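Novice: Take the sequence shown: its letters are residues 2 to 445, numbered as in my numbering. Yeah, the Cβ is synthetic: ideal placement off N, Cα and C, and Gly gets one too. These numbers come from a predicted model, not from an experiment. The structure is given below, and queries will be raised subsequently.
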Amino acid sequence: MMTIDPVRWSGALFLILAWGGLCAAMLRRPSVAAATGVADWLVVYASQTGNAEYLAQQTASTLSLGGLSARALCISQLDAATLSGATRALFIASTYGEGDSPDAAARFAGVTMADAPDLFALHYAVLALGDSSYTNYCGFGRALDAWLAARGATALFGRIEVDRGDAEAIGAWQHQLSHLAGTSDMPDWEAPAYGQWRILERTQLNEGSAGAPLYRIALIPAEGALPDWEAGDLVQVCAPSDPDLPREYSIASVPAEGRIELLVRLQHHADGSLGAASGWLCREATGRDAVHLRVRTHARFRLGENAARPLILIGNGTGLAGLRAHLKARIDAGMHDNWLVFGERNARLDFLCRDELERWRDSGRLARLDAVFSRDGATPRYVQHLLAEQGELVRGWIARGAAIYVCGSLQGMASGVHEALASALGPEALDELAAQGRYRRDVY
Ligand SMILES: Cc1cc2nc3c(=O)[nH]c(=O)nc-3n(C[C@H](O)[C@H](O)[C@H](O)COP(=O)(O)OP(=O)(O)OC[C@H]3O[C@@H](n4cnc5c(N)ncnc54)[C@H](O)[C@@H]3O)c2cc1C
Ligand SMILES: Cc1cc2nc3c(=O)[nH]c(=O)nc-3n(C[C@H](O)[C@H](O)[C@H](O)COP(=O)(O)O)c2cc1C
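Put into structure tokens, the structure is as follows:
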């Protein structure tokens, strides 16, 4: 059994408090920078679906509450000059793909990290977000930490790793922040609570398909008003059999439609049992059951500053959800400069939302609709093949200022599409589009 030695613990506590006080004293010098509008503390985030961004904003406000001048900054905005001029930076970095950086960090990881000055003046810390079920756990956060140390920067404290949002690890980060800010308050960072929703309608969209069943599921709050969201946002659903690990789904509808719609593919495990969340949503939950759900802002996949640009929307399977929400929002706003490239298996059985998409195209509200089916021809044909053939058209749309949104599978589709776009536009130009927020992905 573990015993706790009160003398050692009080000694340790004293050291922690003394260290915290020292840091706070060192780091809270009167700020010339604050007077000139430059923050003392950079809180840099590399985020794909918004968790790291949310934690960066909370981090910056915690430091500000303690009287420090801090600003949260997307890593796409961080160049070598800003970094070499900084003396204090906190990095909050998630990992994507297979140990890769999030899209917004592509230029930083590719160019800045390859060719940066020494950072001897920099004091830093890293909060790495990840999921230990992936082989390369916290790959980007770890690489960033190692790179900062190799450039001569000094760690304020050891890297903290957050496995699937683990509250204890986030608490450890908050604890370090209270020391830095010299406050004893532990800020309340709790995410919004889950609400109770009920299923209004559930329709299988691919009856007879060779692929797993895919459902369009409409939900409304069991009580009260519909929350607000924007096209591009996600929901998190807690399955009764696995309530501690919420699953994310792209929202396919807009608030004006009065309900949240999802496109959910039913997953099976190797032993034939149903996926915890998809099984619950597609098969088990009835209209009388409470579905625990909350809306999550997905700022990087919203239209944002791209609202006035032409849009190229690319996706496959359930990825149509996020793209359909964008199309609906655009059409409602009178913006018809939209090109959808959608891929599935078989035109007869898997052309999701076909009537609606063709109606939008025929009435001129969807400028171009390309649907590609992998199982209809002699050789498989995917969205990336169409993009490779249409390189000229892609360049034309980008030259007219278009933004690109990709939604759907990470395996196969996202990397194939990335390669096709990189060869049509050039890899640097594509990284530049990502850094400008004109190339956005919601891939899983
Ligand atoms: C940003 C984002 C957006 C998403 N959007 C959508 C969307 O719009 N539509 C959609 O359908 N999905 C979407 N997903 C995927 C979704 O979140 C879920 O991962 C998916 O529905 C599977 O969850 P599940 O609980 O049904 O399956 P799980 O129970 O998590 O199983 C998933 C897979 O894990 C393996 N597995 C897990 N547990 C076991 C076990 N006990 N035994 C054997 N194998 C196991 C199996 O390979 C199984 O197929 C999105 C994901 C992300 C990250
Ligand atoms: C498609 C996908 C790929 C991922 N790949 C990894 C990975 O290789 N290693 C890892 O540790 N975490 C991985 N993750 C987990 C994310 O890093 C984790 O969910 C993180 O909290 C996301 O933060 P963000 O919302 O700021 O992007 C992956 C998540 C998704 C959805």
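Return yes when at least one heavy atom of ligand 1 lies under 7 Å from the C-beta of Gly280, else no.
Specialist: The count along the sequence shown starts at 1 and reaches residue 280 at position 279. Correct: Gly280 has its Cβ closer than 7 Å to ligand 1.
Novice: Within the chosen definition, does the region 101 to 110 reach the region 432 to 440 through at least 3 CB pairs nearer than 8 Å?
Specialist: The region 101 to 110, when compared against the region 432 to 440, does touch it at the 8 Å Cβ threshold.
Novice: Taking C-beta to C-beta, are Gly233 and Gly318 nearer than 8 Å?
Specialist: Within the sequence shown, the letter at position 232 stands for residue 233. Within the sequence shown, the letter at position 317 stands for residue 318. No, the Cβ-Cβ distance between Gly233 and Gly318 is not below 8 Å.
Novice: Flag this pair as yes or no: are the beta carbons of Ala154 and Tyr195 separated by less than 8 Å?
Specialist: Numbered from 1 along the sequence shown, position 153 holds the residue referred to as residue 154. Numbered from 1 along the sequence shown, position 194 holds the residue referred to as residue 195. It is not a contact, given that the beta carbons lie outside the stated cut-off.
Novice: Identify, in the order they occur along the chain, each residue of the same chain with its Cβ nearer than 6 Å to the Cβ of Thr184, setting aside the five sequence neighbours on each side.
Specialist: Against the sequence shown, residue 184 aligns to sequence position 183. Excluding sequence neighbours, Thr184 sits near Gly67.
Novice: Under 8 Å by Cβ, that's how I've got Leu84 and Leu206 pegged, so tell me the actual separation to the nearest angstrom.
Specialist: Sequence index remark: in the sequence shown, residue 84 carries index 83 (1-based). Sequence index remark: in the sequence shown, residue 206 carries index 205 (1-based). So it is not a contact: roughly 48 Å between Cβ atoms.
Novice: State the Cα-Cα distance for the pair Pro118 and Leu74, rounded to the nearest angstrom.
Specialist: Within the sequence shown, numbered from 1, the residue matching residue 118 stands at position 117. Within the sequence shown, numbered from 1, the residue matching residue 74 stands at position 73. Pro118 and Leu74: Cα-Cα distance of roughly 20 Å.
Novice: Between the beta-carbon of Val236 and the beta-carbon of Arg297, is there less than 8 Å?
Specialist: The count along the sequence shown starts at 1 and reaches residue 236 at position 235. The count along the sequence shown starts at 1 and reaches residue 297 at position 296. Yes; because the gap between Cβ atoms is below 8 Å, this pair is in contact.
Novice: Roughly how many angstroms lie between the CA atoms of Trp42 and Ala213, to the nearest whole one?
Specialist: Counted from its first residue, the sequence shown places residue 42 at position 41. Counted from its first residue, the sequence shown places residue 213 at position 212. So the alpha carbons of these two residues sit roughly 49 Å apart.
Novice: Could you tell me which uninterrupted beta strand (DSSP E) segments, each at least 3 residues in length, are contained entirely in the region 111 to 146, listed from first to last along the chain?
Specialist: Within the region 111 to 146, the complete beta strand (DSSP E) runs of at least 3 residues are 124 to 131.
Novice: Return the chain-ordered list of same chain residues with a C-beta closer than 7 Å to the C-beta of Asp53, the five sequence neighbours on each side being excluded.
Specialist: Translated into the one-based positions of the sequence shown, residue 53 becomes position 52. Note on residue identity: the sequence assigns Ala, not Asp, to residue 53. Within the same chain, Ala53 has close Cβ partners Tyr46, Ala47, Ile93, Ala94, Ser95, Leu130.
Novice: Quick one, are the C-beta atoms of Phe240 and Trp281 less than 8 Å apart?
Specialist: By one-based count along the sequence shown, residue 240 stands at place 239. By one-based count along the sequence shown, residue 281 stands at place 280. Checking the sequence, you will find Ala at residue 240 rather than Phe. Their beta carbons are under 8 Å apart, which means Ala240 touches Trp281 by this criterion.
Novice: What are the boundary residues of the beta strand (DSSP E) that includes Leu340?
Specialist: Numbered from its first residue, the sequence shown carries residue 340 at position 339. Looking at the sequence provided, one finds Trp at residue 340 rather than Leu. First-last of the beta strand (DSSP E) with Trp340: 339 to 345.
Novice: According to DSSP, is Asn307 part of a helix, a strand, or is it coil?
Specialist: Counting from one through the sequence shown, the residue named residue 307 turns up at place 306. Helix, per DSSP.
Novice: For Asp290 versus Pro256, is the C-beta spacing smaller than 8 Å?
Specialist: Sequence index remark: in the sequence shown, residue 290 carries index 289 (1-based). Sequence index remark: in the sequence shown, residue 256 carries index 255 (1-based). Cβ distance not < 8 Å, so Asp290 and Pro256 don't count as in contact.
Novice: Quick check on the DSSP output: the alpha helix (DSSP H) that includes Gln197 runs from which residue to which?
Specialist: Taking the sequence shown and counting its residues from 1, one reaches residue 197 at position 196. Gln197 -> not in any alpha helix (DSSP H); beta strand (DSSP E) instead, spanning 196 to 205.
Novice: Roughly how many angstroms separate the alpha carbons of Gly316 and Val127, rounded to a whole number?
Specialist: The residue labelled residue 316 in the question sits at position 315 within the sequence shown. The residue labelled residue 127 in the question sits at position 126 within the sequence shown. Going from the Cα of Gly316 to the Cα of Val127 covers about 33 Å.
Novice: Hey, would you say the C-beta of Ala130 is under 7 Å away from at least one heavy atom of ligand 1?
Specialist: Reading the sequence shown from its first residue, position 129 is the one you call residue 130. Position check: residue 130 holds Leu in this sequence, whereas Ala was assumed. False, no ligand heavy atom lies under 7 Å from that Cβ.
Novice: If you follow the alpha helix (DSSP H) that Ser179 is part of, which residue opens it and which one closes it?
Specialist: Within the sequence shown, residue 179 is the residue found at index 178, counting from 1. Ser179 -> alpha helix (DSSP H) spans 168 to 182.
Novice: Sort out for me which residues DSSP pairs Gly450 with in a bridge.
Specialist: Only positions 2 to 445 of the chain appear in the structure, and residue 450 is not among them; the question remains open.
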